[in-house]
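Working notes, structure below.
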Amino acid sequence: MSSSAEVILNQPEQGPDLKPDSKGKKGKSPLQLALRRFVRNRMAVAGIFILLAVTLLSVCAPLIAKHNPYTSDLYNTDARPDGNHWLGTDDTGRDAFSRLLYGGRISLLIGLMTMMFTVLIGGTLGAIAGYYGKWVDMIIMRATDVLLTLPTLLMFLFLASILEKTSLWVLIIALALTSWATTARIVRGQFLSLREREYVLSARAIGCSDFRIIFRHMIPNALGPIIVNATLLMAVMISVESALSFLGFGVPEPTPTWGNMLNGARNIRVLSQQPWLWLPPGMMIVITVLAINFIGDGLRDAFDTRSSRR
Amino acid sequence: MTTYILRRLLVMIPVLFTISVILFTMIQFAPGDAFTGQLDPNVDARYYEEMRQRFGLDKSPVEQYFLWAGNFVKGELGISFRHKIPVSEMISGRIGNTFFLAVCALILTYVLAIPLGIYSAQHPYGKVDYTLTGAAFVGLSMPSFFAGILLIYLFAFKVRWFPFSGTVTAGAGYEGIALWLDKLHHVVLPALTLAIINIASYMRYTRASVLEAKQQDYVRTAFAKGVPAPLVLRRHVLRNALLPLVTLFGLDLGLLFSGAVITETIFSWPGLGQLLFEAVVNRDYPILMATTMLISVCVLVGNLVADILYGVVDPRIRYD
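Going down the list, the protein sequences come from chains A and B.
Take 8 as the starting number for the first sequence in this note's numbering and just add one per residue.
Take 15 as the starting number for the second sequence in this note's numbering and just add one per residue.
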């Protein structure tokens, strides 16, 4: 491909997404315009700050927490919160506050990595289905039918009963393999409409490869819905991980995750008498998921120029 | 319409077939079977061989599948590995509880979410609206198991208003109305847990839908010709805004059944969800296959109901 062709090809990418309300701001890319709308959304910005704070707390866990989250202190089990153990200790004498901070690392990592794998699988399959159509589309869409019929949690419980032991990465891969259907449908829908756009037709007319058309011309224009979906997906994944760990099918102990800490609350004594052990990780999940949902909603409003909110 | 329903029902068959093949294949990859886990040195090894033969585990995977599928189509769901009684018996003993829980959760959803959503839309951007919207966001962000244990902590342990497990008070021997009241007393917390996400999303949906309907021309016309406000709300706004909610009902059917796994486990509610969870823990594959297939059927039928209701509510949608 000659370089002059590339210049021509890159032009239309920016054109069609300029919607009526962006008049007078010429010279800015759709992405910049979306960013500008996003920053004006107070809830979304608050979400960003909350998520940053939670991430920072988890990343800097060794600096803040005084105790090792794995070390048991058998002389000091089930301690009440005090100056030394801010959130008390659990039934094996591990410091709950340390586990809360270190747990954030794993929970956020699972959310992030699962989201990335899910988007990778769902995005690729959705793109292939939408671009090639015909029997390829048929097969992939029937696969999403099957996956959407079986709720993710069920599918995963089924998997968990079969895998002898789960590890962090098995969990991430398994979650991604069972939950890519929605993403695939969204990307496919985008591709079906993009496929008929003039710039795609012209790219094909001058002989661009399918690979190039998909990655240079279609994916950049389908990015909005993909990013929104990915963001909300991360919130869902953090939630699903915690539910699985709560049921005892998540990341195996002694790795601290918020879900694993909540697992302790399945014990009636812990649930009724030691709320400081399970309330904080639960709140962390709610706060994190809430923050990510705000960001996702903000992104949706920012990318979707039709929405008239604010 | 009839042909549409028939076609949709026919399409379900390959989906269900694929699901069953996937589940069956997954089971084949499982290390060991239900009997390797409970090996007891006091029991003759021949007993386990006998059991394997009795459950057909010595046959080839393909043979096993067709054996299972043939029986499944005939309505024979197999025999539980662990409990040694027919799966259909176990399911029929529990499906009533799951149904009761789901119906209560649905009623709670409609009774709470719709009036609150309408109120929010009638007084938008006020204190109550902001509070409700905030609560809805929290509700949508809260994993249902956390909502469940929070409710247990607050209402079963702190104020002791509701029991935290079971469907009836054990050994109380209630009858008639007293029994139903006792059941209702037990169902409140699990139903609320199951409904929380739906309450939040229905509230958001109602609010948005009513707000949108209020801006329509026909509402302005109604006001202009002097129709009293309550009548405009009832006849013009709500009738148009709430009808689409009917379609959500179908989608809820499947979700309620599958979402109940966590809720039923937390509240020791003897329903399908708890049965399924126990089957996962015990690797009781006949139960696992049967309940998972049952839930898949519920989801598919629910989707179909949603699509049909969509056409009933909105005659512009044609099926052909």
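The C-beta atom is built at its ideal place from N, Cα and C for all residues, glycine as well.
- Here the alpha carbons of Thr62/A and Gly130/A stand approximately 26 Å from one another.
- Taking 7 Å as the cut-off between beta carbons, none of the residues of the stretch 222-241 of chain A comes near chain B.
- Within the same chain, Val194, Gln197, Phe198 and Leu201 come within 7 Å of Ala229/A by CB-CB distance, once the 5 residues on both sides are set aside.
- Annotation: the continuous alpha helix (DSSP H) that includes Thr39/B extends over Thr16 to Phe43.
- In this structure Ala205/B touches Leu115/B by the C-beta definition: roughly 6 Å separates them, less than 8 Å.
- The stretch 53-67 of chain A and the stretch 297-309 of chain A touch, with no fewer than 3 CB-CB distances between them shorter than 8 Å.
- The Cβ-Cβ distance between Arg221/B and Ala135/B falls below 8 Å.
- For Phe291/B, the closest of Thr151/A, Ile221/A and Phe256/A by C-alpha to C-alpha distance is Phe256/A.
- Going by C-alpha positions, Pro88/A is about 17 Å away from Leu269/A.
- Assignment of Pro287/A by DSSP, reduced to helix, strand and coil, places it in the helix class.
- CA-CA distance, Thr84/A to Arg273/A, rounds to 18 Å.
- DSSP, reduced to helix, strand and coil, places Ile99/B outside both helices and strands of the structure shown, so it counts as coil.
- Of Tyr139/A, Leu38/A and Ser279/A, the smallest CA-CA separation from Asp217/A is found for Tyr139/A.
- The three-state secondary structure of Ile169/A, taken from DSSP, is helix.
- Going by C-alpha positions, Ile36/B is about 39 Å away from Asp308/A.
- Contact with chain B is found for Trp285/A, since one of that chain's Cβ atoms lies less than 8 Å from the residue's Cβ.
- When secondary structure is reduced to three states using DSSP, Ile93/B falls in the strand class.
- In the DSSP assignment, Lys239/B falls outside any alpha helix (DSSP H), carrying neither H nor E.
- For the set Phe163/A, Val46/A and Leu115/A, the Cα lying nearest the Cα of Ile245/A is the one of Leu115/A.
- Legend: CB atoms of the stretch 112-137 of chain B lying less than 8 Å from CB atoms of chain A are not found in any residue.
- In this chain, the alpha helix (DSSP H) harbouring Arg211/A covers Glu205 to Ala212.
- Approximately 11 Å separates the beta-carbon atoms of Val101/B and Gly107/B; this is outside 8 Å, ruling out the contact.
- Between the stretch 288-299 of chain A and the stretch 222-237 of chain A, the count of C-beta pairs closer than 8 Å stays below three; the two stretches do not touch.
- Near chain B, meaning a CB-to-CB distance below 9 Å, the residues of the stretch 145-157 of chain A are Arg149, Ala150, Asp152, Val153, Leu155, Thr156 and Leu157.
- Secondary structure at Thr96/A: strand, using DSSP grouped into helix, strand and coil.
- The stretch 315-327 of chain B makes no contact with the stretch 213-220 of chain B: fewer than 3 CB pairs, one atom from each, lie closer than 8 Å.
- When rounded, the separation of the alpha-carbon atoms in Ala181/A and Gly89/B is 31 Å.
- For Ser249/A, the nearest CB of chain B lies under 8 Å from its own CB, placing it at the interface with that chain.
- DSSP, reduced to helix, strand and coil, places Asp143/B within a helical segment of the structure shown.
- Contacts with chain B at 8 Å (Cβ-Cβ) do not include Leu38/A.
- Partner residues in the beta bridge of Asp102/A, as assigned by DSSP, are Thr96/A.
- Within the stretch 109-197 of chain B, the complete alpha helix (DSSP H) segments of 4 residues or longer fall at 141-155 and 158-165, listed in chain order.
- When DSSP states are grouped into helix, strand and coil, Pro158/A belongs to the coil group.
- By the 16-neighbour rule on beta-carbons within 10 angstroms, Asn236/A is buried.
- Among the residues of chain B, those whose CB is under 7 Å from the CB of Phe253/A are Phe159, following chain order.
- If you check each beta-carbon in the stretch 168-180 of chain B against every beta-carbon of chain A, the ones closer than 7 Å belong to Phe171.
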